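Enquirer: Heads up, the sequence shown is in my numbering, so the first residue is 136 and it goes up one at a time.
By construction, the Cβ of each residue, glycine as well, lies at the ideal position given by its N, Cα and C atoms.
Bear in mind the structure is a predicted one, so any value in this text is a computation, not a measurement.
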Amino acid sequence: MRKTLFGMVLALWGNSGALYAQSQSYEDLRTAAATGDLNAQRTLGEALVSGKDGAPQNTEEGLAMLEATSNTGDIDAKASLGKLLLEGYLVPADPDRGTQLLADAIEAGNVEAQTTLGLALLWGVNREKDPVRANALLEEAAKGGDLLAVRVLGQNLLGGWVFEQDVERGMALLNIAGDAGDPEALVSLGNYYLNRSRASTDPRLALDYFERAADFGDVKGLADYGSALMWSQAGPADAEAYLRRAGEMGVGSAWTTLATGAMYGYLGRNSRSKYDDFAERGTAAGEKQIAVLDAQRQMWGISMRASGPKTLAGLDAAADAGNDVAAHYLISLVRDGNSLNIRKNPDAARAYLERFSKLLTPPEVRQLSFTIDASSTKVVSNFAALAQTYNSQPDLKSVAFGEEIYAANPNFSFFVLQQNMRDSGLYDGDLNGMATPATLRGVYTECRALANPERCNDTVMRADIIGALLAR
Numbered sequence: 136m137r138k139t140l141f142g143m144v145l146a147l148w149g150n151s152g153a154l155y156a157q158s159q160s161y162e163d164l165r166t167a168a169a170t171g172d173l174n175a176q177r178t179l180g181e182a183l184v185s186g187k188d189g190a191p192q193n194t195e196e197g198l199a200m201l202e203a204t205s206n207t208g209d210i211d212a213k214a215s216l217g218k219l220l221l222e223g224y225l226v227p228a229d230p231d232r233g234t235q236l237l238a239d240a241i242e243a244g245n246v247e248a249q250t251t252l253g254l255a256l257l258w259g260v261n262r263e264k265d266p267v268r269a270n271a272l273l274e275e276a277a278k279g280g281d282l283l284a285v286r287v288l289g290q291n292l293l294g295g296w297v298f299e300q301d302v303e304r305g306m307a308l309l310n311i312a313g314d315a316g317d318p319e320a321l322v323s324l325g326n327y328y329l330n331r332s333r334a335s336t337d338p339r340l341a342l343d344y345f346e347r348a349a350d351f352g353d354v355k356g357l358a359d360y361g362s363a364l365m366w367s368q369a370g371p372a373d374a375e376a377y378l379r380r381a382g383e384m385g386v387g388s389a390w391t392t393l394a395t396g397a398m399y400g401y402l403g404r405n406s407r408s409k410y411d412d413f414a415e416r417g418t419a420a421g422e423k424q425i426a427v428l429d430a431q432r433q434m435w436g437i438s439m440r441a442s443g444p445k446t447l448a449g450l451d452a453a454a455d456a457g458n459d460v461a462a463h464y465l466i467s468l469v470r471d472g473n474s475l476n477i478r479k480n481p482d483a484a485r486a487y488l489e490r491f492s493k494l495l496t497p498p499e500v501r502q503l504s505f506t507i508d509a510s511s512t513k514v515v516s517n518f519a520a521l522a523q524t525y526n527s528q529p530d531l532k533s534v535a536f537g538e539e540i541y542a543a544n545p546n547f548s549f550f551v552l553q554q555n556m557r558d559s560g561l562y563d564g565d566l567n568g569m570a571t572p573a574t575l576r577g578v579y580t581e582c583r584a585l586a587n588p589e590r591c592n593d594t595v596m597r598a599d600i601i602g603a604l605l606a607r
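(1) According to DSSP, simplified to helix, strand and coil, what is glutamate 589?
(2) Can you tell me where the alpha helix (DSSP H) with glycine 436 in it begins and where it stops?
(3) Just tell me which of Ser406, Met365, Leu357 and Tyr399 has its CA closest to the CA of glutamate 383.
(4) Residue ranges of each alpha helix (DSSP H) run of no fewer than 4 residues wholly in the stretch 207 to 246, ordered along the chain?
(5) From this set, Ala312, Leu488 and Leu393, which residue's C-alpha is nearest serine 408's C-alpha?
(6) What residue from Ala484, Leu605 and Leu531 has the CA that sits closest to arginine 501's CA?
(7) Using three-state DSSP, classify alanine 156 as helix, strand or coil.
(8) Going by C-alpha distance, which of Glu303, Gly280, Gly279 and Lys278 is nearest glutamine 290?
(9) Any idea what DSSP makes of valine 578, helix, strand or coil?
(10) Specify, as a first and last residue, the run of the alpha helix (DSSP H) that isoleucine 615 falls within.
(11) Using DSSP with H/G/I as helix, E/B as strand and the rest coil, what is methionine 596?
(12) Proline 371 and leucine 402 - do their beta-carbons sit closer together than 8 angstroms?
(13) Taking all protein chains shown into account, do 16 or more other C-beta atoms lie within 10 angstroms of the C-beta of glutamine 553, making it buried, or fewer, making it exposed?
(14) Which first and last residues belong to the alpha helix (DSSP H) in which glutamate 626 is found?
(15) Express the C-alpha separation of aspartate 482 and tyrosine 327 in angstroms, rounding to a whole number.
(16) Keeping to the same chain, check which residues put their C-beta closer than 6 angstroms to that of glycine 361; ignore five residues upstream and five downstream.
(17) Asparagine 458 and alanine 426 - do their beta-carbons sit closer together than 8 angstroms?
(18) Given a cut-off of 8 angstroms on the beta-carbon distance, is the pair alanine 240 and glycine 217 in contact?
(19) So, with DSSP's three-state summary, where would you put tryptophan 296?
(20) Within 10 angstroms of the Cβ of aspartate 353, are there 16 or more other Cβ atoms? Answer buried if so, exposed if not.
(21) Valine 469: buried (16+ other C-beta within 10 angstroms of its C-beta) or exposed?
(22) For threonine 170, is the classification buried or exposed, using 16 other Cβ atoms within 10 angstroms of its Cβ as the cut-off for buried?
(23) In angstroms, rounded to a whole number, what distance separates the CA positions of phenylalanine 536 and leucine 488?
(24) Does the count of Cβ pairs from the stretch 573 to 587 and the stretch 537 to 546 closer than 8 angstroms reach three?
(25) Work out the CA separation of threonine 178 and leucine 164 for me, nearest whole Å.
(26) Anyone know if the C-beta pair for threonine 336 and leucine 329 falls short of 8 angstroms?
(27) Does the count of Cβ pairs from the stretch 550 to 569 and the stretch 509 to 524 closer than 8 angstroms reach three?
(28) Establish whether the CB of glycine 223 and some CB of chain C are separated by less than 8 angstroms.
(29) The alpha helix (DSSP H) that contains serine 516, what's its start and end?
(30) By how many angstroms is the C-alpha of glycine 279 removed from the C-alpha of alanine 598?
(31) Reducing DSSP to helix, strand and coil, say where tyrosine 399 ends up.
(32) Alpha helix (DSSP H) containing alanine 414: first to last residue?
(33) Report buried or exposed for glycine 417, applying the criterion of at least 16 other Cβ atoms within 10 angstroms of its Cβ.
(34) Cβ of valine 460 within 8 angstroms of Cβ of glutamine 431?
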């Protein structure tokens, strides 16, 4: 049984296999596997499927080797093969067989199998969500020494995402994982102190956790810290320094943040003159969002003459080159217009959706198609049928989708909220899609039950609030 940092990024292999591979070359693994060494066979099979540890990717051979090793009764091989088949990231998914293999490994005491199945049930990965069983599995795996289970439990308890919030225990678990060398746990702790309510933030403690994570090579927290400094305008020079450090250590999104800040003047004197350098670095790092920033500069005339046609042409070219982020933004932009130089045109948006649908996931296509329908529906008497369609597709609901619906048709968004609030007894007015005082009072009451309820105090007519309420 291996007690390891298995799956620290949820897609990697068991640590003992990785250590085994590091101690032997690919050729040595081949030789050892041929002699019947089960550890070598399992490790080689994992490496062939993933194409890691110096092995050429050969999914068919790797799966066959894992199958053969699993059939000898090797519990670790069952755990690895079960993970592959359940998650379906590297091979075609077979959730039923994957779950059975994991169950066999769990019965034999494999903690990694407990974590794998626990995570699948927690997030609904090719299985129905089952938070109660997920919690039980993760608790057992954590007791068995699996740091991924410790960290995930800690994150969920601290954030109250799936399990009931327990800040004290969540922090304790994350500190255990962080002290044992899990940098993601340290980043989670840092972000807690960086982002909790204004009255209780502790940026210095947040930075301490982020620096500890950076010592392990994870600088995502430093990027978060630099971003917070930049947007709060608390220290443009320090913000740029932390973001540059993160970008130079491989966090591509740091260059996008810097480019955004430069474009909007958040990096001190001569801020906008820095845009081209950051955008170039972001593009080199594969940051697809840079194409959207370029479009926004062109659309609003930031450091150049504003032009709607050039904006659309740039996004079209980026999408045509395979940029799915640009395609999504283009469809949404044309669906809604910008009240300046790009007119609202749902028909054109649908044409773009058909043209670039292959760049998007099937759920994204369905979501965008629905928002275009919402954008085209203006008569209140037609809102009920549209709402029924929305409520019949719970698998599509998310905060981001809710925000898109709100952008496409604010009145329809309020109609859905009025329906929901009427059912819960918070609203007894007309279903008219209007932000009436009675409607806003009900929305405020519902908003107070969301995370970060202090954001409700200014106005509830915010995309993040309406999106979160529509997603429920």
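Expert: Considering the structure as presented:
(1) If you number the sequence shown from 1, residue 589 lands on position 454. Helix, per DSSP.
(2) By 1-based counting over the sequence shown, the position of residue 436 is 301. Judged by DSSP secondary structure, glycine 436 falls outside any alpha helix (DSSP H); it is assigned neither H nor E.
(3) Position 248 of the sequence shown, counting from 1, holds the residue named residue 383. Minimum Cα distance to glutamate 383 is reached at Leu357.
(4) You should have 210 to 222 and 230 to 242.
(5) As a first step, residue 408 is located in the sequence shown; it is residue number 273 there, counting from the start. Nearest Cα to serine 408 within the set Ala312, Leu488 and Leu393: Leu393.
(6) Residue numbering aside, residue 501 sits at position 366 when the sequence shown is read from its first letter. Ranked by Cα distance from arginine 501, the options Ala484, Leu605 and Leu531 are led by Leu531.
(7) Along the sequence shown, one-based indexing puts residue 156 at 21. Only weak support is given to the placement of alanine 156: the predicted model assigns it a pLDDT of 48, under 50, and the question is left unresolved by the model.
(8) Start at 1 with the first residue of the sequence shown, and residue 290 comes out as number 155. Distances from the alpha-carbon of glutamine 290 to those of Glu303, Gly280, Gly279 and Lys278 put Glu303 closest.
(9) Here residue 578 corresponds to residue number 443 of the sequence shown, with the count starting at 1. Under the three-state reduction of DSSP output, valine 578 falls in the helix class.
(10) The structure shown does not extend to residue 615, since the chain is modelled only from 136 to 607, so the question has no answer here.
(11) For the purposes of this step, residue 596 is taken as the residue at position 461 of the sequence shown. Looking at methionine 596 - three-state DSSP - the assignment turns out to be coil, as it is neither helix nor strand.
(12) Translated into the one-based positions of the sequence shown, residue 402 becomes position 267. Translated into the one-based positions of the sequence shown, residue 371 becomes position 236. Their beta carbons are under 8 angstroms apart, which means leucine 402 touches proline 371 by this criterion.
(13) On the sequence shown, position 418 is the one that residue 553 refers to. Residue environment analysis places glutamine 553 among the buried positions, since at least 16 neighbouring C-beta atoms fall within 10 angstroms of its C-beta.
(14) Since the first and last residues shown for the chain are 136 and 607, residue 626 lies out of range.
(15) Position 192 of the sequence shown, counted from the first residue, corresponds to residue 327. Position 347 of the sequence shown, counted from the first residue, corresponds to residue 482. Taking the straight line from one Cα to the other gives about 44 angstroms.
(16) Within the sequence shown, residue 361 is the residue found at index 226, counting from 1. Spatial neighbours of glycine 361 in its own chain (CB-CB distance under 6 angstroms, excluding positions within 5 residues in sequence) are listed in chain order as Ala374, Tyr377 and Leu378.
(17) The residue labelled residue 426 in the question sits at position 291 within the sequence shown. The residue labelled residue 458 in the question sits at position 323 within the sequence shown. Closer than 8 angstroms, so yes.
(18) Counted from its first residue, the sequence shown places residue 240 at position 105. Counted from its first residue, the sequence shown places residue 217 at position 82. A contact, by the Cβ cut-off of 8 angstroms.
(19) The residue labelled residue 296 in the question sits at position 161 within the sequence shown. Residue state, collapsed to three classes: coil.
(20) In the sequence shown, the residue the question calls residue 353 occupies position 218. Counting of Cβ neighbours within 10 angstroms places aspartate 353 among the buried residues, the total reaching 16 or more.
(21) Residue mapping note: residue 469 aligns to position 334 of the sequence shown, counting from 1. Valine 469 is buried by the Cβ-count criterion.
(22) As a working mapping, residue 170 is identified with position 35 in the sequence shown. By the 10 Å Cβ count, threonine 170 comes out exposed.
(23) Stepping through the sequence shown from its first residue, residue 536 is reached at position 401. Stepping through the sequence shown from its first residue, residue 488 is reached at position 353. Each residue's alpha carbon lies about 16 angstroms from the other.
(24) Result no; under three Cβ-Cβ pairs closer than 8 angstroms.
(25) Along the sequence shown, one-based indexing puts residue 164 at 29. Along the sequence shown, one-based indexing puts residue 178 at 43. One alpha carbon belongs to leucine 164, the other to threonine 178, and they sit about 8 angstroms apart.
(26) If you number the sequence shown from 1, residue 336 lands on position 201. If you number the sequence shown from 1, residue 329 lands on position 194. Yes, these two residues count as a Cβ contact at 8 angstroms.
(27) With the rule of 3 Cβ pairs closer than 8 angstroms, the stretch 550 to 569 counts as touching the stretch 509 to 524.
(28) Annotation note: the requested chain C is absent from the structure, which comprises a single protein chain.
(29) Here residue 516 is taken as the residue at index 381 of the sequence shown, counted from 1. Here serine 516 belongs to no alpha helix (DSSP H), and DSSP marks it neither H nor E.
(30) Numbered from its first residue, the sequence shown carries residue 598 at position 463. Numbered from its first residue, the sequence shown carries residue 279 at position 144. Going from the Cα of alanine 598 to the Cα of glycine 279 covers about 43 angstroms.
(31) Along the sequence shown, read from residue 1 onward, the residue named residue 399 stands at position 264. In this structure, DSSP gives tyrosine 399 a state outside helix and strand, which the three-state scheme calls coil.
(32) Along the sequence shown, read from residue 1 onward, the residue named residue 414 stands at position 279. Here the alpha helix (DSSP H) through alanine 414 covers 410 to 419.
(33) Reading the sequence shown from its first residue, position 282 is the one you call residue 417. Sixteen is the threshold: when 16 or more other Cβ atoms of the shown chains lie within 10 Å of the Cβ of glycine 417, as they do, the residue is buried.
(34) Locating residue 460 in the sequence shown gives position 325, where the first residue counts as 1. Locating residue 431 in the sequence shown gives position 296, where the first residue counts as 1. No, the pair does not count as a contact, with Cβ atoms beyond the cut-off.
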